[in-house]
Each structure stands twice: as C-alpha cells, then as structure tokens.
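Below: the structure, in structure tokens.
There are 2 protein chains.
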Amino acid sequence: MAITIKDVAKKAGVSPATVSRVIADNPRISVKTKVKVRKVMEDMGYYPNFQARNLVANKSRTLGIIMENSAALAFQNPFFPEVLRGISTQAHDSKYGLYLSTGATQEEIYQEVVEMVQGRRVDGIVLLYSKIDDPVLEFLRKSELPFAVVGRPHQDPCSVTYVNNDNINTAKDTVEYLIGLGHRHIAFVGGATDFVVSIDRMQGYQQALAKHDIPFDVNYTVNQDFIQGKERDSIRRLMGLPVPPTAIVTHDDMVAYEVIGYLEDLEIRVPDDVSIIGFNNHTISRYLKPPLSTVDISIYELGLRAAELVLEKITDASIPPKQVAVPSRLIERGSCRRL
Amino acid sequence: MAITIKDVAKKAGVSPATVSRVIADNPRISVKTKVKVRKVMEDMGYYPNFQARNLVANKSRTLGIIMENSAALAFQNPFFPEVLRGISTQAHDSKYGLYLSTGATQEEIYQEVVEMVQGRRVDGIVLLYSKIDDPVLEFLRKSELPFAVVGRPHQDPCSVTYVNNDNINTAKDTVEYLIGLGHRHIAFVGGATDFVVSIDRMQGYQQALAKHDIPFDVNYTVNQDFIQGKERDSIRRLMGLPVPPTAIVTHDDMVAYEVIGYLEDLEIRVPDDVSIIGFNNHTISRYLKPPLSTVDISIYELGLRAAELVLEKITDASIPPKQVAVPSRLIERGSCRRL
DNA sequence: CTGAAAGCGCTTACAG
DNA sequence: CTGAAAGCGCTTACAG
Numbered sequence: 000m001a002i003t004i005k006d007v008a009k010k011a012g013v014s015p016a017t018v019s020r021v022i023a024d025n026p027r028i029s030v031k032t033k034v035k036v037r038k039v040m041e042d043m044g045y046y047p048n049f050q051a052r053n054l055v056a057n058k059s060r061t062l063g064i065i066m067e068n069s070a071a072l073a074f075q076n077p078f079f080p081e082v083l084r085g086i087s088t089q090a091h092d093s094k095y096g097l098y099l100s101t102g103a104t105q106e107e108i109y110q111e112v113v114e115m116v117q118g119r120r121v122d123g124i125v126l127l128y129s130k131i132d133d134p135v136l137e138f139l140r141k142s143e144l145p146f147a148v149v150g151r152p153h154q155d156p157c158s159v160t161y162v163n164n165d166n167i168n169t170a171k172d173t174v175e176y177l178i179g180l181g182h183r184h185i186a187f188v189g190g191a192t193d194f195v196v197s198i199d200r201m202q203g204y205q206q207a208l209a210k211h212d213i214p215f216d217v218n219y220t221v222n223q224d225f226i227q228g229k230e231r232d233s234i235r236r237l238m239g240l241p242v243p244p245t246a247i248v249t250h251d252d253m254v255a256y257e258v259i260g261y262l263e264d265l266e267i268r269v270p271d272d273v274s275i276i277g278f279n280n281h282t283i284s285r286y287l288k289p290p291l292s293t294v295d296i297s298i299y300e301l302g303l304r305a306a307e308l309v310l311e312k313i314t315d316a317s318i319p320p321k322q323v324a325v326p327s328r329l330i331e332r333g334s335c336r337r338l
Numbered sequence: 000m001a002i003t004i005k006d007v008a009k010k011a012g013v014s015p016a017t018v019s020r021v022i023a024d025n026p027r028i029s030v031k032t033k034v035k036v037r038k039v040m041e042d043m044g045y046y047p048n049f050q051a052r053n054l055v056a057n058k059s060r061t062l063g064i065i066m067e068n069s070a071a072l073a074f075q076n077p078f079f080p081e082v083l084r085g086i087s088t089q090a091h092d093s094k095y096g097l098y099l100s101t102g103a104t105q106e107e108i109y110q111e112v113v114e115m116v117q118g119r120r121v122d123g124i125v126l127l128y129s130k131i132d133d134p135v136l137e138f139l140r141k142s143e144l145p146f147a148v149v150g151r152p153h154q155d156p157c158s159v160t161y162v163n164n165d166n167i168n169t170a171k172d173t174v175e176y177l178i179g180l181g182h183r184h185i186a187f188v189g190g191a192t193d194f195v196v197s198i199d200r201m202q203g204y205q206q207a208l209a210k211h212d213i214p215f216d217v218n219y220t221v222n223q224d225f226i227q228g229k230e231r232d233s234i235r236r237l238m239g240l241p242v243p244p245t246a247i248v249t250h251d252d253m254v255a256y257e258v259i260g261y262l263e264d265l266e267i268r269v270p271d272d273v274s275i276i277g278f279n280n281h282t283i284s285r286y287l288k289p290p291l292s293t294v295d296i297s298i299y300e301l302g303l304r305a306a307e308l309v310l311e312k313i314t315d316a317s318i319p320p321k322q323v324a325v326p327s328r329l330i331e332r333g334s335c336r337r338l
C-alpha cells in the first residue's frame, strides 16, 4: 500500500492534521514543524492521494473535454489537436488536469457527460463543438457545473459562456474578398448542416452575395460531411454546371486540398481556372502547392480562452455568462487569382 | 449538494449498504429490493460519486495518456489524434476514462506522471513516445503501475510492455523499394535523433544501403526537428550536393509535403526529378498532388493495442511484459518513379 | 437477504 | 501552534 498521511505523521511525531496543514502550507504551522515534516515526506516519498483529497474538497481540479464523435471526423482534422493545445496550456498553468470524452455516438457522449458532471469527476467542462438541438448542451445548461462552448450556441446564446469567431462576418468578408477579385460565380463547400459554424458561414456567404446583387443559387453549394465518399461527385457536378464557379470557398483547408485534388483530376487548375480559399490555416497549408489562401481562426486561442472562461467560472460561480470573440483573419497566399 | 447514497437509502427505506449493493448489482439482494431502490435512484436522479467510490476501491478506472511536449510537435502532427482515437475506442469499450498530460517540458511532464501515479489518479499509463534516456520511462519502470509504451524502449525492451512497428525493417524495405526502382542516391530526412523511432529508421536505411553495396554518406541525411526553421536550407544543401539524391525518404507525410514544396521552389519536380516517400499515411496524403507514396504504420491500431495491453495488466498484474508488433505496409502512389 | 460498523485517506472546524 | 474528532460518500467484511 502507498504511504499515507498517517505514516508520515507517525514518523514525524506529529498528528495527521498537522501533516495535512503542512501540505497546504497553512501559515499557522511553525516553520520548524514544516521543515521537519517536509523532510519526512520527502524521505518516505509521500504523495497525497487525489481521490481522498478530492472527496473532502468536493472538487477534482479536472476539466472535462467533450468532443463530437471521437471515432470519426473530430480526429481527422488538425483542429482538434490545436484547440486541445490551447486548453492544455491554460489548464496546466492553473494546475488543472484534463479528462477526455471517449464516446463515439451522441448517446454515448451524453451518458459520459452526465456521469462526469453528476459523478463529480470534473469541475468544469469545455464543449468543443456547437450543433443544433444538442442534448449535451441542454443538459449542461440545466446543470450547475461551469462550462464553456467553443462555438456559438444555436439558441439563447447569451445565457451560455462561449468563445467564437464571428463566423458570419468572417465568411462574408471572405466571399467579398473573392468578389473584389472579380468573381461573381462563387461556390460554397460547407460542413455538416447541423453545426452552427456551418450555418453561420453559409449565412455570411449569402449576405455577401446579397450585398453585391449576386443571386444565391443553391446549386453552387455543397453541404455535407466531407471526407465521406461522394465528394468527388459533388465537385464534378459543381464544375459541370452550365456556368461553373470561378471560385470555391471551403470550410476547411484539408477539404480545400481534397477539392483541389479532384479539380486537378478534371484538368482544372488552381488558381488559373478556379480560385480556392480555405478555413483554419493548418500548419501545412503554407507549404503545399498551391500555397492556400485561408482564414486563420486562431484555433489555439479558441481553446485557451475557452479553458480560461471555465476556470474563471469555477473560481467564481457568480460570474454571469460571458461571450468572447476570437479574431480571424484572411491570409492571402497563392490559391486565388484576380479575374 | 448532490444526492448521496444516504438520501436514496432513506427514501427507499433501506440501509446505505443495501443501496450500494444494488448499484453493484450484488446477487444477494432480492429482486424486489433492487427494483424498489432503482426506482428511487431514478426518481431522485442519483449518480454515484466517483471520488468516493474510487477512494475505497483504490482505483480510478482512468488511463493516463502521456504525450511528448504538448506545446509543440506532438500537436502539429496527425499522429496524435489518430493514436488517441485508437486508445479512446479501447478505453471506452472497457469503460475507462482518459486523463491527459498537459506539461510542455520534460520536467513538467515528469512531475505530472509522478503525481498521476503516486496520487492514484490513474490505474495505468500509455506513454505515447519513446526516447533515449527518458526519466519518465525510468520512473514508470520502477513504479508498480501498469503501463505500455507506443514505440520500442531504447534499453532493455523485454522488460517493458510496448507496441511497435518493426521500424528497422520497415525503413529497410522502403529504401530497398527505391533501390528496386533504380535509385542509388537516396537521402533520408529523419526526426529528432533522441527518438527511438528515428534511430531505428536510420538504421534500416543504413542496412538497406549496405545490403546493396551503396556507401553510406552522412551528407545524404538530414536529422533534426523538422517544422522548425532551417528545413528549407537543408533541402537546398541536399540538392546542391555534387551528386544530388534522386530519391528522398522522409519520416512523415507532412514533412514530405513540406520538402516537396521546397523542391518546387527550386524548380525540382516530384516525381520527375526526385522521388519522395513518406511515413504515416495521413488521411490527406492520397488527395494531395502528387499523391504520396508512403508507409502506413497503423497508427490507430498502435493506440488500440497499447490501451489493450495496459488494460490487460490492470486486470491481471501477474502478466509478464509483452511486446506487440503492429504491421506497416508500403502504399505506392504517385510520388516515386522508376529511373 | 439486509443492516450496523469500520474504514478508504484526506481536511477542517473546534478546542486548547 | 497543534491535536482529537467528525466527516466527505462510498464499500465490504461481519453478524444475524
């Protein structure tokens, strides 16, 4: 069995209570005693038992990280490691641990979250996605546990704490950038339609078109889970339109490169024949050919700030829901050309 | 305060001990009582407190995941999410949770691991990397806690449980594939030299050359942390050699594409002028141009099996150290050509 | 089949 | 400045 506080107490000739206070660096304990007890702790290789400590404190110093459908998309995309890096940094600075969801289906994830929360496994939660009618989010809203969402909640956003890019305006600006380059036939390849980020970007896309009197045509949009199977066909359809697009906005750099690959197979060249712009500015995008114009959404900062917000709420439960906007910026590289 | 076992007991008119046994589905409790108590638990929304349960059981049903230097490389590379996906699947199936290291430096990570282990925060550990003279590994060896390494330990490998690709032979086969294509001047771009995987692949590279009577020339090797800053120069140097290589083996697909980018900047074309092969078979590699020939190392399975091994050791501590080899296979695509 | 009691390893009022 | 005692929420021999 491991060394306990009692063992240390006995050896040091003090009470367990005193040892506990030395660990907590309680100012009412004499320096002399502290020195003595610390020496014994070190000699014996004592480490506090988290389970016991957490039980009495009724906290875990742990943040739960909930990601969508770990079995599939979430893991394919560099977004996940990067946002996790931000969370990780912040958590480490505050001496918090990270507990990861492992569920593959919505139902599994829901069960996990309930257990994390009710079982007091975590002190707070970062929800890494935002989708419409999400039971997980609804559960968290009703629970007392501090949490923050990466992304804008679909309903009643002001009542929850979240970080977000202004996806509507960012998408709008992006499309306007292409319009400024002379493009009028701009296609939009978006993500799954139940994700708020997809909805927002689609809206920004439409706003930009409207502003410049370009009619919205649903045939110019592809909305589905990419990296799935029918992408190639979608691109073929898009380029086979009576008036094919001269520019394509894709919701992720990786998807952009996938699209570029399909286009090259069709002997359509980027940016000569079609301009392409991505989102997320993955590390690799600057090295690939063509270097991808993209929107950097500060993924690391999204994670960092989300963790910060949860930690804040854990420290002070009275803090009202807060919304933090993280900047995004267009990075011009070589995948778009002026018409 | 949350609902406890006592609240349920009172409402159901039984003792807390009985409630506890109902939760554990103890066969000595009558069905009638079980039904009654379960109904009350449901009505009250009772969930067991993990901290308390773990304290008396002296286990946490949690696996610690230790990754190298979370602040930098580990997160840039799709290896991490993919291996995590494997671990996650296995852990979820066994109803284990995942606890992630957050440290950015070797020293921070070491401290975290010690706390995880001594503080009984986790029941087992998966070490996601293997490097030479790693204090973390040495600590784990001395501890009683079950653990598994992804990668071959540098010293005394038979005494630790690990999963690995046969990196030496895989690298050897890869180089021989290029030799079979007629290449004699083959460069090797490897990872950081304190990682065992880099050492092994370099050795395989050398073995292949030796077997075919091609002298090893250190000028044909680049060994450093790529994605750092001097990569472009290294490639320029390589291609400026009196006899430049006709083929380059890189230790990762992302690095391969970075190299391809630098080569294109030098007006050197792949595969026309230089053949390139990668490692790890990232999802995106098949879509990019040129489609990358690469070695698939079954990253998902590495994670899955590592988790499986730890779980096995947790269940039965008497199991001797085990070594599991995970297959790797060469995937021919369009980035290599016959001379 | 069920309960009272002890205990897991800590922390923290309460006393002194 | 320090200790004895109670308690965090659970589990599990021991009795009956």
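Protein chains in written order, with numbering that gives the first Met the number 0: chain C, 0 to 338; chain L, 0 to 338. The beta carbon of each residue, even a glycine, is placed where N, CA and C say it ideally should be. Since this is a predicted model, take the numbers as computed values, not measurements.
Query, Result
"Report the three-state DSSP secondary structure of residue 316 of chain C (helix, strand or coil).", "coil"
"With a CB to CB cut of under 8 Å and the five nearest residues on each side skipped, what residues in its chain are close to residue 324 of chain C?", "162, 163, 164 and 165"
"At a CB-CB cut-off below 7 Å, which residues of chain L make contact with residue 47 of chain C?", "118"
"Only counting the same chain, and skipping five residues up and downstream in sequence, which positions put a Cβ closer than 7 Å to that of residue 175 of chain L?", "207"
"Using CA atoms only, rank isn't needed, just tell me which of C:315, C:327 and C:328 is closest to residue 146 of chain C.", "C:315"
"For residue 64 of chain C, which residues from the same chain have a beta carbon less than 8 Å from its beta carbon, with the 5 sequence-adjacent residues on both sides left out?", "83, 86, 97, 98, 99, 100, 124, 125 and 127"
"Could you spell out where the alpha helix (DSSP H) holding residue 88 of chain L opens and where it closes?", "78–92"
"Please work out which residues of its chain come closer than 8 Å, Cβ to Cβ, to residue 242 of chain L, disregarding the five sequence neighbours upstream and downstream, and give them in chain order.", "184"
"At 8 Å on the CB atoms, spell out the chain C contacts of residue 203 of chain L, in chain order.", "Those do not exist, as residue 203 of chain L stays about 26 Å from chain C at its closest Cβ, beyond 8 Å."
"Should residue 112 of chain L and residue 320 of chain L be called a contact, given that it needs their Cβ atoms to be closer than 8 Å?", "no"
"Could you list which residues in chain C have their beta carbon closer than 7 Å to that of residue 279 of chain L, in chain order?", "What residue 279 of chain L touches in chain C: nothing, since even the nearest Cβ is about 13 Å away."
"In or out: residue 349 of chain C buried (at least 16 other Cβ within 10 Å) or exposed?", "Outside the modelled stretch of chain C, which goes from 0 to 338, sits residue 349 of chain C, for which no answer is possible."
"Do you know how far the Cα of residue 91 of chain C is from the Cα of residue 70 of chain L?", "Per-residue confidence for residue 70 of chain L stands at a pLDDT of 45, beneath the threshold of 50, marking its modelled position as unreliable; the derived number appears in the next sentence. Near 11 Å, if we compare the C-alpha coordinates of residue 91 of chain C and residue 70 of chain L."
"Taking the alpha helix (DSSP H) that residue 179 of chain L falls in, what are its first and last residues?", "166–179"
"Taking the straight line between their C-alpha atoms, what separation do you get for residue 194 of chain C and residue 37 of chain L?", "37 Å"
"Between the segment 155–180 of chain L and chain C, which residues of the former have CB atoms less than 8 Å from a CB of the latter, in chain order?", "none"
"Would a check of beta-carbon distances place residue 59 of chain L closer than 8 Å to chain C?", "yes"
"Between the Cα of residue 295 of chain C and those of C:303, C:328 and C:309, spot the shortest distance and give me the residue it belongs to.", "C:328"
"For residue 178 of chain C, which residues from the same chain have a beta carbon less than 7 Å from its beta carbon, with the 5 sequence-adjacent residues on both sides left out?", "207 and 211"
"Show which residues of chain L have a CB atom less than 8 Å away from the CB atom of residue 256 of chain C.", "283, 286 and 287"
"How long is the line joining the alpha carbons of residue 19 of chain L and residue 143 of chain L, rounded to whole angstroms?", "30 Å"
"Can you tell me whether residue 328 of chain C is helix, strand or coil according to DSSP?", "strand"
"Which residues does DSSP list as the beta-bridge partners of residue 322 of chain C?", "C:161"
"For the segment 242–272 of chain C, enumerate the residues whose C-beta is nearer than 7 Å to any C-beta of chain L, in chain order.", "253, 256, 257, 260 and 263"
"Residue 149 of chain L and residue 301 of chain L look like a contact to me (Cβ under 8 Å); what is the Cβ gap, rounded to whole Å?", "5 Å"
"Do residue 286 of chain C and residue 260 of chain L count as a contact pair if the criterion is CB distance below 8 Å?", "yes"
"Between residue 106 of chain C and residue 220 of chain L, what straight-line distance do the alpha-carbon atoms span, to the nearest angstrom?", "50 Å"
"Using a beta-carbon distance below 8 Å, is residue 211 of chain L in contact with chain C?", "no"
"Determine the burial state of residue 317 of chain L: buried for a count of at least 16 other Cβ atoms within 10 Å of its Cβ, exposed for fewer.", "exposed"
"Using the rule of at least 16 other Cβ atoms within 10 Å of the residue's Cβ for burial, across every protein chain shown, is residue 41 of chain C buried or exposed?", "exposed"
"On the DSSP letters alone, give me the boundaries of the beta strand (DSSP E) that residue 293 of chain L sits inside.", "292–295"
"Between residue 237 of chain C and chain L, is the shortest Cβ-Cβ distance under 8 Å, so that the two count as touching?", "no"
"Check this for me: beta carbons of residue 275 of chain L and residue 255 of chain L, under 8 Å apart or not?", "yes"
"If you measure from the beta carbon of residue 77 of chain C to each beta carbon in chain L, is any gap under 8 Å?", "yes"
"In angstroms with no decimal places, state the Cα-to-Cα distance between residue 114 of chain L and residue 94 of chain C.", "12 Å"
"Is the separation between the beta-carbon of residue 79 of chain C and that of residue 80 of chain L shorter than 8 Å?", "yes"
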